[in-house]
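Engineer:
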Amino acid sequence: MGAQINDCVSLIENLKEYDIFKVTFNANPDSLKGNSAVTPLEAFQTKANCSQLSANLTPNDVSGMDRFALTISDMFMRATEDALGLEELVYVPLTQFRYIDNRHQMLTVTGIILPENHENSLWSLLNDSHLANWPYMAESWKDIQEINVPDITLKERAEINRHLPCQEGDFDLDILPFKLDRNARKAKTKIENYIKYYRFIPNFQRVVG
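Everything in the sequence shown is counted per the numbering used here, starting at 23 for the first residue and increasing by one.
1) Please classify residue 223 as buried or exposed, where buried requires at least 16 other C-beta atoms within 10 Å of its C-beta.
2) Give the DSSP bridge partners of residue 133, in chain order.
3) Of the residues 204, 196, 110 and 183, which one's Cα is nearest the Cα of residue 216?
4) Return the bridge partner residues of residue 36 from the DSSP annotation.
5) Rounded to whole angstroms, what's the CA-CA distance from residue 94 to residue 201? Just pull it up for me.
6) Taking residue 27 and residue 67 to be in contact with their CB atoms under 8 angstroms, please state how far apart those CB atoms are, rounded to whole angstroms.
7) Within this structure, are the beta carbons of residue 115 and residue 87 separated by less than 8 angstroms?
8) Would you mind giving the Cβ-Cβ distance between residue 167 and residue 98, rounded to the nearest angstrom? I have them listed as a contact below 8 angstroms.
9) Looking at C-alpha atoms only, which residue of 39, 212 and 30 is the closest neighbour of residue 9?
10) Return helix, strand or coil for residue 205, following the three-state DSSP convention.
11) How would you call residue 81, buried or exposed, if buried means at least 16 neighbouring beta carbons within 10 angstroms?
12) Would you mind listing the beta strand (DSSP E) stretches within the segment 55–132 that are 3+ residues and don't spill past its ends, in chain order?
13) Quick one: give me the first and last residue of the beta strand (DSSP E) that residue 169 is part of.
14) Do you know offhand how far residue 49's Cα is from residue 151's?
15) Have a look at residue 53 and residue 71 and give me their C-alpha separation to the nearest angstrom.
16) With residue 196 as the anchor, note down where its alpha helix (DSSP H) starts and where it stops.
17) What residues in its chain sit with their C-beta under 7 angstroms from that of residue 83, if we drop five residues either side in the sequence?
18) In the DSSP output, which residue or residues are listed as bridge partners for residue 48?
19) In chain order, which alpha helix (DSSP H) runs of at least 4 residues are fully inside the segment 140–183?
20) Could you check how far apart the C-beta atoms of residue 78 and residue 65 are, in whole angstroms? I think they sit under 8 angstroms.
21) Give the DSSP-derived three-state secondary structure of residue 31 in the structure shown.
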């Protein structure tokens with residue numbers, strides 16, 4: 023982790039205005055477990071081992087998927103400040119996503135290099151690129167969106183897609199011939215996540231030559 027943060031600093035130091043930088047971190051708190059001789063917090067401090075590590079971390083900051091992702095995002099924010107502090111430039115996060123990849127939580131941050139007083143530059147950029155109302159934009163460093171679409175079959179996916187698009191919150195789960203979850207609240211959350219990301223989910227199929 024510390025080596026990756028230091029690599030980010032070295033790379034960002036060479037970026038110019040309006041350059042885009044994207045990075046993915048392993049943000050799985052379970053990776054800190056397994057050694058009974060140290061606590062998860064101590065394991066993370068050893069693993070991170072970089073100047074961007076906050077001295078005020080608590081055990082809660084490295085437990086739980088959402089809190090651990092925020093902790094790593096904060097480290098990366100400090101890294102961008104160290105890399106650009108003397109250049110009168112700042113790294114502005116555009117998107118921050120956390121998601122499960124092969125049972126590990128990952129955090130992917132994408133951002134842009136802007137002038138230090140970037141409010142006008144950012145506003146012009148968002149309007150010119152039609153991103154001002156994009157629902158996936160990160161409003162701040164603390165805004166991390168979770169991608170958590172339900173694990174469904176191609177047949178179930180096709181059935182849901184027959185009733186899309188629709189307004190968020192308007193999907194009637196009762197029209198489906200199957201249950202996304204036995205718990206009504208969890209089923210509602212799953213369909214909302216699916217509707218939010220279904221256009222970006224890859225569709226792999228076997229092709230017979």
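From the three backbone atoms N, C-alpha and C, an ideal C-beta is built for every residue, glycine too.
Structural biologist: For this structure:
1) exposed
2) 43 and 115
3) 183
4) Answer is none; residue 36 lacks a bridge partner.
5) 36 angstroms
6) Between residue 67 and residue 27 the Cβ distance is about 13 angstroms, and since that is not below 8 angstroms, they are no contact.
7) no
8) At roughly 16 angstroms, the Cβ-Cβ gap does not stay under 8 angstroms, so residue 167 and residue 98 are not in contact.
9) With the chain covering only 23 through 231, there is no way to say anything about residue 9.
10) coil
11) exposed
12) 111–123
13) 167–169
14) 30 angstroms
15) 16 angstroms
16) Note, residue 196: premise wrong, no alpha helix (DSSP H); not H, not E.
17) 89 and 93
18) 128
19) 141–150 and 176–183
20) About 18 angstroms separates the two Cβ atoms, so there is no contact after all.
21) helix
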